[in-house]
Ligand code: CA2
């Protein structure tokens with residue numbers, strides 16, 4: 003059976019590759035999608051969603067929970083540090099979620115060092131660039 007895995011990206015991640023390459027690299031979200039589709043072709047059905055809106059992300063998490071997908075790879079962007087609503091959506095989903103950050107949030111500003119969403123996730127990968135998304139999908143496909 004094909005395993006459905008959702009890759010969710012939060013606010014401003016649609017701007018990847020357009021600014022701050024020293025922090026986030028020069029590749030775009032489309033480049034990430036293409037690299038993941040190449041690696042997991044035949045192994046997983048990947049679906050991608052990016053939104054700058056908290057409610058849209060919450061609605062998508064609820065739909066993925068209803069669809070009982072195998073797992074979610076989620077970069078909540080700045081909502082990581084602010085959103086009780088997204089944490090509740092993740093906790094309530096009953097799904098396995100891996101939180102991913104392109105940058106190492108622990109070596110940046112103090113306000114980025116705390117994640118409200120991480121306690122609702124099975125694990126967090128931070129600072130490995132796009133490789134973090136690949137590692138997260140690999141982990142969700144195990145067993
Ligand atoms: O390191 C990450 O992946 C972050 O989730 C990225 C968020 C940031 O607020 C988190 O603290 C850590 C910001 C994403 C903004 O990405 C941009 C990329 C290029 C140009 C502008 C924004």
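Numbering (the working numbering), first residue to last: 3 to 145.
Glycine residues also receive a C-beta, built at the ideal position from the N, C-alpha and C atoms.
Since the structure is predicted, the reported quantities are computational estimates derived from the model, not experimental observations.
Under a CB-based cut-off of 9 Å, is residue i close to chain C?
i: residue 78; result: No chain C appears in this structure, which consists of one protein chain only.
Could you please give the first and the last residue of the uninterrupted beta strand (DSSP E) stretch that includes residue i?
i: residue 51; result: 46 to 52
i: residue 128; result: 125 to 128
i: residue 6; result: 5 to 11
i: residue 113; result: Here residue 113 belongs to no beta strand (DSSP E), and DSSP marks it neither H nor E.
For the ligand CA2, is there any heavy atom lying closer than 8 Å to the beta carbon of residue i?
i: residue 82; result: yes
i: residue 110; result: yes
i: residue 124; result: no
i: residue 89; result: no
i: residue 121; result: no
i: residue 22; result: yes
i: residue 53; result: no
i: residue 93; result: no
i: residue 104; result: yes
i: residue 10; result: no
i: residue 85; result: no
Evaluate residue i with the Cβ neighbour count: other Cβ atoms within 10 Å of its Cβ, from every protein chain shown; 16 or more gives buried, anything less gives exposed.
i: residue 119; result: buried
i: residue 17; result: exposed
i: residue 91; result: buried
i: residue 55; result: exposed
i: residue 28; result: exposed
i: residue 100; result: buried
i: residue 53; result: buried
i: residue 125; result: exposed
i: residue 109; result: exposed
Since residue i sits in a beta bridge, which residues does DSSP pair it with?
i: residue 104; result: Residue 104 pairs with nothing; no bridge assigned.
i: residue 77; result: 11
i: residue 99; result: 74
Could you give the C-beta distance for residue i and residue j, rounded to a whole number, given that I count them as a contact under 8 Å?
i: residue 67; j: residue 48; result: Their Cβ separation, rounded to whole angstroms, is 18 Å, which puts residue 67 and residue 48 out of contact at 8 Å.
i: residue 59; j: residue 15; result: With 8 Å as the limit, residue 59 and residue 15 do not qualify as a contact, their Cβ atoms being about 11 Å apart.
i: residue 62; j: residue 51; result: 5 Å
i: residue 6; j: residue 102; result: About 18 Å separates the two Cβ atoms, so there is no contact after all.
Which two residues bound the contiguous alpha helix (DSSP H) that contains residue i?
i: residue 134; result: 133 to 143
i: residue 27; result: Premise fails: residue 27 is in no alpha helix (DSSP H) and is neither H nor E.
i: residue 64; result: 56 to 68
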